[in-house]
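Working notes, beginning with the structure itself.
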Amino acid sequence: MTTLFISDLHLEESRPDITGAFLSFLKKEAPGAEQLYILGDFFEAWIGDDERTKLQEQIATALQELSKSGTRIFIMHGNRDFLLGEEFCARAGATLLDDPALIDLYGTPTLLMHGDSLCTADVEYQKFRANMRNPQTQKLILARPLQDRQQMARQLREMSMATNQGKAEDIMDVTPEEVVRIMETHDVPLLIHGHTHRPAEHSPEVHGKTAKRIVLGDWDENVWWLIARPEQPPKLKKAPLTAF
3 MTTLFISDLH LEESRPDITG AFLSFLKKEA PGAEQLYILG DFFEAWIGDD
53 ERTKLQEQIA TALQELSKSG TRIFIMHGNR DFLLGEEFCA RAGATLLDDP
103 ALIDLYGTPT LLMHGDSLCT ADVEYQKFRA NMRNPQTQKL ILARPLQDRQ
153 QMARQLREMS MATNQGKAED IMDVTPEEVV RIMETHDVPL LIHGHTHRPA
203 EHSPEVHGKT AKRIVLGDWD ENVWWLIARP EQPPKLKKAP LTAF
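Heads up, the sequence shown is in my numbering, so the first residue is 3 and it goes up one at a time.
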């Protein structure tokens, strides 16, 4: 029995190397897995399930094949692809997952998140996030013509890049106190998330006991994934994109 976790692939047409690595990952690592969790920023941008680019259809078909083989697939929104919806998930044979989501990982209560909501020191971003996650805001965005949404996505990406260049590194990382707060709120000894592009394992103190926070890596130069099996500690793994 195996469960896999990945995040922050940022799939886009300009990075066919990442797309190729992911498709190879599905064939090399995913077959036989019970579950595959994709914890946000699967795509670099998502402006609605009605766009249906060649890349999106290619990915949906590949995921559907894995789903038909018996692997349950779960996709969580990230800060780049928060408009990804049920229609795409249906085509991909996947289930859209809430953020945060509580699961039982082979007997260990585990909290899954994308991770952006943990970066509470970035007040400006948190205000933007709250607005973009508002169902009414999303409804208004999706009502706009496809071409308008494509232009909006380009503008938001440029704004994000410009804004992040001027931010301190610690502001863009998680707030340790928020990590402890949410783990204590959900009473979990294990938290798995992505977003920060700082893959590592941390040991926060939760309810007076040592807990674990595992951060997944982004797929820029390496393939990062977490593998979990019964009665074994989850293992964070990486390999060069070229290895896939």
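C-beta: ideal position from N, C-alpha, C; glycine also.
| query | result |
| --- | --- |
| Bridge partners for residue 75 per DSSP, in chain order? | 38 and 96 |
| Count Cβ pairs between the stretch 217–228 and the stretch 183–196 that sit closer than 8 Å; are there 3 or more? | yes |
| Could you say which of 198, 181, 231 and 244 lies nearest to residue 213 if we only look at CA atoms? | 181 |
| Rounded to whole angstroms, what's the CA-CA distance from residue 123 to residue 141? Just pull it up for me. | 28 Å |
| Rank 100, 119 and 93 by C-alpha distance to the C-alpha of residue 177 and give the top, closest one. | 119 |
| Which residues in the same chain have their Cβ closer than 7 Å to the Cβ of residue 21, if we skip the five residues on either side of it in sequence? | 13 and 57 |
| Whole angstroms is fine: what's the gap from residue 34's alpha carbon to residue 71's? | 8 Å |
| Excluding five sequence neighbours on each side, which residues of the same chain lie with their C-beta closer than 6 Å to the C-beta of residue 74? | 37 |
| State the start and end residues of the unbroken alpha helix (DSSP H) segment that holds residue 131. | 125–134 |
| Starting from residue 216 and walking both ways along the beta strand (DSSP E), at which residues does that stretch end? | 214–217 |
| Under 8 Å, with one C-beta from each stretch per pair, do the stretch 140–155 and the stretch 41–60 reach the 3-pair mark? | yes |
| Less than 8 Å between the CB atoms is what I'm expecting for residue 77 and residue 91, so what's the real figure, rounded? | 6 Å |
| Along the chain, where does the alpha helix (DSSP H) containing residue 19 start, and where does it finish? | 18–30 |
| Counting along the chain, where does the beta strand (DSSP E) carrying residue 14 start and finish? | Unbroken run through residue 14: none, as it is neither H nor E. |
| Check the DSSP bridge columns for residue 239 and list the partner residues they point to. | 227 |
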